[in-house]
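Protein chains in written order, with UniProt numbering: chain F, 1 to 408; chain S, 1 to 408.
Written out as structure tokens, the structure reads:
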């Protein structure tokens, strides 16, 4: 008999995890990337160069750079954001985090307390919403169109909250390659968002972790880079542009915000080796790599859209993403994607049910997110065909796949 | 005018951080290590080998290994603990963490809620106590002697708590190279500790992060490795044996505990590159490296003891550590080491005031911790001389340094 820890555990813990059983055969979820695109040789060369040159600094916490992270990496991020995102900042304005998930945790930790309200996007990164919920906050989803948040709708939401005496803690947005819709908010709308936020006196949280993956490579100016951007707390990541297993993200914010986050970052610093290798690589072939990765992902995106069109026909609606790693699909009202998620999962096809990616779970209940970066084109074709088959079996749709009618 | 975030920040945040201004000239604090001992070339070779072989797996979160961490690393840790610490475990029993600080955070997160009581050691790692305090828990310090926790005293503490109806959540101990005293708990006493914990039905948290650094290289069996060790949650780290800037620690525990921690580890996994490089290096020249590092640290420890003896003479009392990176020094009652900490800090000599490393802060107020791994022998000599000078100026002791009397 093993010792029974139950009486010693906190009463309010989430449900226990189950053992990891490996990835599903058709893995259309998560921020995984294209395995063939990981710049293995260049990362190895970067590791070797930077360790040979600066390895002994590993003997100190934080590499002599202090708790904001490795100075050379922060300088590299500042250069990158200046040239690619029109965001002028310096190493002093940057806090390196252990992935952009820690960035979100730190942002929430300084702003959110139970009972607070945040504004998110109507289709929204699921992890952002579960984090808010866990902290006892509620959120309102701002409606989206093909250019991101609809400003008329946001204005109404802010007015309604104001009428109720509620000041939201921030507007959380992924303006560039929105998750899950893949849209890109044009600059004029970013200016309008800043104007609205200013008129209500509230901050904005800009999550830009997919922005390197915009198909044409031409990122609009970050919201934080526009006039009035001092009300923006910005975060980014290398997970999507290099490799998700590397856990390095960052926050760009003014010192009055960063200085409150630092005491809450109790991990003794973000992994130094990863920071060193990324800094070295960022100063090297990063830009060429990202250009090649974009082209690979664009090809997989085309394969995914083609497969969904072929297998689901008129039953599936979507807009072509402007970049990124996912497709946001609307199925007929008859389809409950949570049920589809379970049925498909049991047969090795993993999807994100739309309810988990929607501020209004019911409104997302016949939508789904399909990630295309990790599976091969072959797996995309097979997996989507299998998904259509399961969907037909469960819900009677799609009625046609390709030129073949399915028996009802 | 920048945007004022103040009204949006949580009301209960800790004081803001100050800008990092570089390390002090004489750095006798923190878990920093000997810079010349970082195995730079071998780490670079390990990085190159493992990236070349397995680099593409970086494209998935968690390297296809699931949220417990890179399988090869967990296997290596299990082998290491089996052969060095007499702790039989498998990869399934291990959760890789982002440093042992995250390990402590996860342990506290599953066990501690406001109002709880924990038992710590009377001289104790400061970060362990600040974490408990932050979570609203209180702690009782168990008295130490040269062999670690005194079991008669612990027995009394447990009886007293029981009489008050208090069940402590756990006993937190660093049995091997105790922080700050540098003692090693003999196996018989470990058995006795398990017996006491069993008779009160409580768990033990065993923090073994310095255990590789015992001078004679011969680690006693971990408490968790002894019969009844199922009541022990064990954690360790590579920070002290390879480099603190690498943020890889681990927890060894039964699945009923690990499965409750996993949902709370919201960082998307511990840095993969660090895990891969450590796994490769652990299977390679790790043991030889640690042997060499021990010898270097033992030399620096001797230099520190010699310097303290020379500069403080009879005013300083300490026991020779049995391993590790720090010396725990008691000064005369007249000396307030918090005041000494401030005065010395202003002149570039960083020390840990004993109150921060003591469960009873007042009892530790004339003690201090001096870390010797990072400074050179030269810096140890100069810095301790300077510290004695400042101490004499502030408190009139020591009255003699070396053969030289100080004017009162």
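All C-beta atoms, glycine included, are put in the ideal place defined by N, C-alpha and C.
What separation, rounded to the nearest whole angstrom, lies between the Cα atoms of residue i and residue j?
i                     : j                     : result
residue 201 (chain S) : residue 389 (chain S) : 50 angstroms
residue 284 (chain S) : residue 158 (chain F) : 60 angstroms
residue 307 (chain F) : residue 286 (chain S) : 50 angstroms
residue 51 (chain S)  : residue 55 (chain F)  : 18 angstroms
residue 271 (chain S) : residue 98 (chain S)  : 7 angstroms
residue 370 (chain S) : residue 124 (chain S) : 14 angstroms
residue 338 (chain S) : residue 365 (chain S) : 7 angstroms
residue 312 (chain F) : residue 406 (chain F) : 11 angstroms
residue 191 (chain S) : residue 302 (chain S) : 32 angstroms
residue 67 (chain S)  : residue 314 (chain S) : 53 angstroms
residue 166 (chain F) : residue 203 (chain F) : 14 angstroms
residue 275 (chain S) : residue 245 (chain S) : 13 angstroms
residue 26 (chain S)  : residue 378 (chain S) : 10 angstroms
residue 5 (chain F)   : residue 256 (chain S) : 8 angstroms
residue 42 (chain S)  : residue 300 (chain F) : 39 angstroms
residue 135 (chain F) : residue 115 (chain F) : 9 angstroms
residue 49 (chain S)  : residue 217 (chain S) : 29 angstroms
residue 358 (chain F) : residue 155 (chain F) : 20 angstroms
residue 375 (chain S) : residue 61 (chain S)  : 38 angstroms
residue 404 (chain F) : residue 185 (chain F) : 38 angstroms
Is it true that the CB of residue j sits closer than 8 angstroms to the CB of residue i?
i                     : j                     : result
residue 107 (chain F) : residue 171 (chain F) : no
residue 176 (chain S) : residue 328 (chain S) : no
residue 28 (chain F)  : residue 350 (chain F) : yes
residue 232 (chain F) : residue 223 (chain F) : yes
residue 104 (chain F) : residue 235 (chain F) : yes
residue 58 (chain S)  : residue 243 (chain F) : yes
residue 277 (chain F) : residue 331 (chain F) : no
residue 80 (chain F)  : residue 282 (chain F) : yes
residue 8 (chain F)   : residue 111 (chain S) : yes
With distances taken from CA atoms, which of the options is nearest residue i?
i                     : options                    : result
residue 150 (chain S) : S:130, S:173, S:168, S:169 : S:173
residue 317 (chain S) : S:333, S:263, S:323        : S:333
residue 336 (chain F) : F:293, F:13, F:376, F:392  : F:392
residue 142 (chain S) : S:250, S:121, S:197, S:213 : S:121
residue 288 (chain S) : S:358, S:184, S:241, S:68  : S:241
residue 267 (chain S) : S:235, S:374, S:96, S:371  : S:96
residue 39 (chain S)  : F:34, F:30, F:53, F:93     : F:53
residue 346 (chain F) : F:358, F:387, F:31         : F:387
residue 382 (chain S) : S:344, S:359, S:367, S:274 : S:344
residue 86 (chain S)  : S:161, S:208, S:7          : S:208
residue 280 (chain S) : S:376, S:160, S:168, S:46  : S:46
residue 17 (chain F)  : S:265, S:155, S:321        : S:265
residue 189 (chain S) : S:153, S:216, S:169        : S:153
residue 84 (chain F)  : F:23, F:221, F:61, F:354   : F:221
residue 352 (chain S) : S:8, S:31, S:3, S:22       : S:31
residue 269 (chain S) : S:186, S:9, S:321, S:65    : S:65
residue 215 (chain S) : S:404, S:69, S:321         : S:321
residue 137 (chain F) : F:113, F:342, F:195, F:155 : F:113
Counting only the same chain and skipping the five closest in sequence on each side, list residues whose C-beta sits under 7 angstroms from that of residue i.
i                     : result
residue 91 (chain F)  : 71, 74, 75, 78
residue 102 (chain S) : 249
residue 146 (chain S) : 183, 319
residue 348 (chain F) : 24, 25, 26
residue 168 (chain F) : 117, 118, 119, 161, 202
What residues in its chain sit with their C-beta under 6 angstroms from that of residue i, if we drop five residues either side in the sequence?
i                     : result
residue 37 (chain S)  : 293, 296
residue 211 (chain F) : 176, 219
residue 178 (chain F) : 148
residue 34 (chain F)  : 296, 373
residue 402 (chain F) : 310
residue 448 (chain S) : With chain S represented from 1 up to 408, any question about residue 448 (chain S) goes unanswered, as that position is not in the structure.
Keeping to the same chain, check which residues put their C-beta closer than 8 angstroms to that of residue i; ignore five residues upstream and five downstream.
i                     : result
residue 213 (chain S) : 177, 240, 241, 290, 293, 294, 297, 323, 324, 325
residue 304 (chain F) : 327, 370, 372, 380, 384
residue 237 (chain S) : 99, 100, 103, 209, 248, 249, 250
residue 254 (chain S) : 93, 230
residue 362 (chain S) : 355
> Between the region 129-149 of chain S and the region 211-229 of chain S, are three or more C-beta pairs nearer than 8 angstroms?
Replying inline: In short, these stretches do not touch, since the Cβ pair count stays below three.
>> For the region 7-24 of chain F against the region 252-269 of chain S, do three or more pairs of beta-carbon atoms, one drawn from each stretch, fall closer than 8 angstroms, so that the two count as touching?
In response: yes
> According to a CB-to-CB cut-off of less than 8 angstroms, which residues of the region 150-164 of chain F neighbour chain B?
Replying inline: The structure shown has no chain B; the protein chains it does contain are F and S.
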